[in-house]
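The structure under discussion appears below in the form of structure tokens.
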Amino acid sequence: MTTNLQAYRGSLLHFLADPAFSDESHPSHDWHEDGLLIVADGKVQAAGDYATLHATLPPNTVVHDYSGKLLMPGFIDTHVHYPQTDMIASPAEGLLPWLETYTFPTERQFEDAAHAANVAEFFLDELLRCGTTTAMVYCTVHPQSVDAFFTASEQRGLRMVAGKVMMDRNCPDFLRDTAESGARDTETLIQRWHKRGRALYAITPRFAPTSTERQLQLAGELAAAYPDTFIQTHVSENEAECAWVRELFPNARSYIDVYDSYGMMRPRAMYGHCIWLNERDRQRMAETQSAAAICPTSNLFLGSGLFDFERADDAGVLLSLATDVGGGTSFSMLQTMNEAYKVARLKGSYLPALRMFYLATLGAARSMQLEGTIGNFAVGAEADFIVVDPQATPLLQRRTARRESLEELLFALALLGDDRAIAATYSAGRQVHVRETT
Ligand SMILES: [Zn+2]
């Protein structure tokens, strides 16, 4: 069997640990100003110094030269709604009116499989343009919206997580399943898609207010029956929503306790937002290895609140960053970092750029229990990587020319960068996006 060997030269960065919890004896990252990434059959074979590794290559191996640019693992967006692509940047006064006015009518269109396929293709193009190689994706209540999404991601060979929204109350009839039909359709989709190629399934009750207790119970039973599937939902996003949950579930200790009581806090459970949590909630997240998807552009756009990084870190919650498009206002994880940084400042804490790049790569992979598969350049990991251009715009070029440290370089990319900074995107060693230059 011949090996398909590819080598890429550039400044190389990937993470080994969370910068917030590492020290000199346990470095958080591996950085090579002149680095080389060697990919064999879609997996990382080696990552390190060009001078050292180049000598190990068989003669005549082509080295793709990205000198002056950064090679890093592809970004991971842990919470995004592909059906909401067409309604990004829609004005509304807060979450609940926004759902009524825009979200539900837009999601209705996904009854139509051809429409779903069309949006899925655009959505994946957009992710790859922004350097995002894995996402945790909400589809709609329609099983065909899941088939359309996974069919499109499979054709491109992408590592994607997605699931059918389960929603059997407090929504329009045209988007309503029942506890039984939602569970049955979910199980069929798990059997069809989970671990087929690079697809992974997420059991996806939209949020507690739109599921009956029976539906949550059945979702929890599926989560137990298929322990390596994902769970994704929303929790404690804004205050009006939290008040509504208190009315609907008067016996629950808290919002997240509703999910806990149905067995939905476990490894591979991803909770979107997590703003209005209390100490006990954060402890439960840490104990159960449930993870938080922090969605700063969405939280600012909808006026939902500010994520508390300090309290989450004190409790040891698994953290990741997410766009939450269409509530989020950008598909770019760089723009998401930009807003995460400001949210942290408003809460009195400080997020170094190194931490933000960690959260968007290895931190997300750890939150998803996928370390070793995606998120860094560990030997044998899937070669999902991006080429980042610090000279993508005149302003970036001018600012990064003056940088004096890696932190400054990454900070400028996070604050000033967007899809234009992504020169190329690779998935399992295959180029899936290249930026068009004018
Ligand atoms: Zn969301």
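Counting from 1158, one number per residue, gives the positions in the sequence shown under this note's numbering. A virtual CB, placed ideally from N, CA and C, is assigned to each residue, including glycine. Please read all numbers here as calculations on a predicted model, not as lab measurements.
query, result
"Cβ neighbour criterion (16 or more within 10 Å) applied to His1186", "buried"
"Exposed unless 16 or more other CB atoms sit within 10 angstroms - verdict on Lys1352", "exposed"
"Residue nearest to Gly1520 in terms of C-alpha spacing, selected from Pro1230, Pro1216 and Gly1225", "Pro1230"
"Check: Ala1234 C-beta below 6 Å from any heavy atom of ligand 1", "For clarity, residue 1234 is Asp in the given sequence; the question names Ala instead. No, ligand 1 has no heavy atom inside 6 Å of this Cβ."
"Extent of the continuous alpha helix (DSSP H) run through Val1500", "Met1490 to Leu1503"
"Beta-carbon proximity list for Ser1455, same chain, < 6 Å, skipping 5 on both sides", "Asp1481, Gly1484 and Gly1485"
"The region 1212 to 1231 touching the region 1537 to 1552, judged by at least three CB pairs closer than 8 Å", "yes"
"Same chain, Cβ closer than 8 Å to Arg1333, neighbours up to 5 away in sequence not counted", "Val1298, Met1324, Asp1325 and Arg1326"
"Which of helix, strand or coil DSSP assigns to Tyr1383", "coil"
"Euclidean distance between Cα positions of His1171 and Gln1446", "23 Å"
"Residues near His1221 by beta carbon distance below 8 Å, same chain, minus five either side", "Gln1163, Ala1164, Tyr1165 and Arg1166"
"Cβ-heavy atom distance, Asp1481 to ligand 1, below 6 Å", "yes"
"Continuous beta strand (DSSP E) stretch holding Thr1361: start and end", "Ala1356 to Pro1362"
"Three-state secondary structure assigned by DSSP to Leu1162", "strand"
"Beta-carbon spacing of Ala1271, Val1294 below 7 Å", "no"
"Rounded C-alpha distance that separates Tyr1459 from His1430", "It is worth fixing the name first, because residue 1459 is Leu in this sequence and not Tyr. One C-alpha to the other measures close to 12 Å."
"Collapsed DSSP secondary structure at Glu1250 in the structure displayed", "coil"
"The region 1576 to 1586 in contact with the region 1503 to 1516 per 3-pair CB rule at 8 Å", "no"
"Gly1429 CB to nearest heavy atom of ligand 1 below 6 Å", "yes"
"Stretch pair the region 1414 to 1431 + the region 1382 to 1389: three plus CB contacts closer than 8 Å", "yes"
"For Trp1188, the residue or residues it bridges with in DSSP", "Leu1170"
"His1391 (DSSP reduced to helix, strand or coil)", "strand"
"Assumed close pair Ile1432, Ser1487 - CB separation to whole angstroms, cut-off 8 Å", "Ile1432 to Ser1487, Cβ: 19 Å. No contact."
"Given 8 Å, three or more beta-carbon pairs between the region 1211 to 1226 and the region 1456 to 1476", "no"
"According to DSSP, residues forming a beta bridge with Ser1477", "Ala1450"
"Cβ contact check for the region 1252 to 1262 and the region 1547 to 1558: 3 or more pairs under 8 Å", "no"
"Minimum C-alpha distance to Gln1440 - residue among Tyr1419, Glu1283, Arg1341 and Asp1471", "Asp1471"
"Uninterrupted alpha helix (DSSP H) stretches inside the region 1223 to 1311 (no shorter than 4 residues)", "1252 to 1255, 1261 to 1265 and 1270 to 1286"
"Top-ranked residue by Cα proximity to Ile1195, from Ile1360, Asp1282 and Thr1160", "Thr1160"
"Beta-ladder partner(s) of Lys1200, from DSSP", "Ala1197 and Glu1539"
"CB-CB length for Leu1570 against Leu1475, believed under 8 Å", "So it is not a contact: roughly 24 Å between Cβ atoms."
"Reduced DSSP category for Val1322 - H, G, I as helix; E, B as strand; rest coil", "strand"
"Cβ pair count under 8 Å reaching 3, the region 1190 to 1206 against the region 1233 to 1246", "no"
"Segment contact, 8 Å Cβ cut-off, at least three pairs: the region 1342 to 1356 with the region 1297 to 1314", "yes"
"Limits of the unbroken beta strand (DSSP E) element including Arg1587", "Arg1587 to Val1591"
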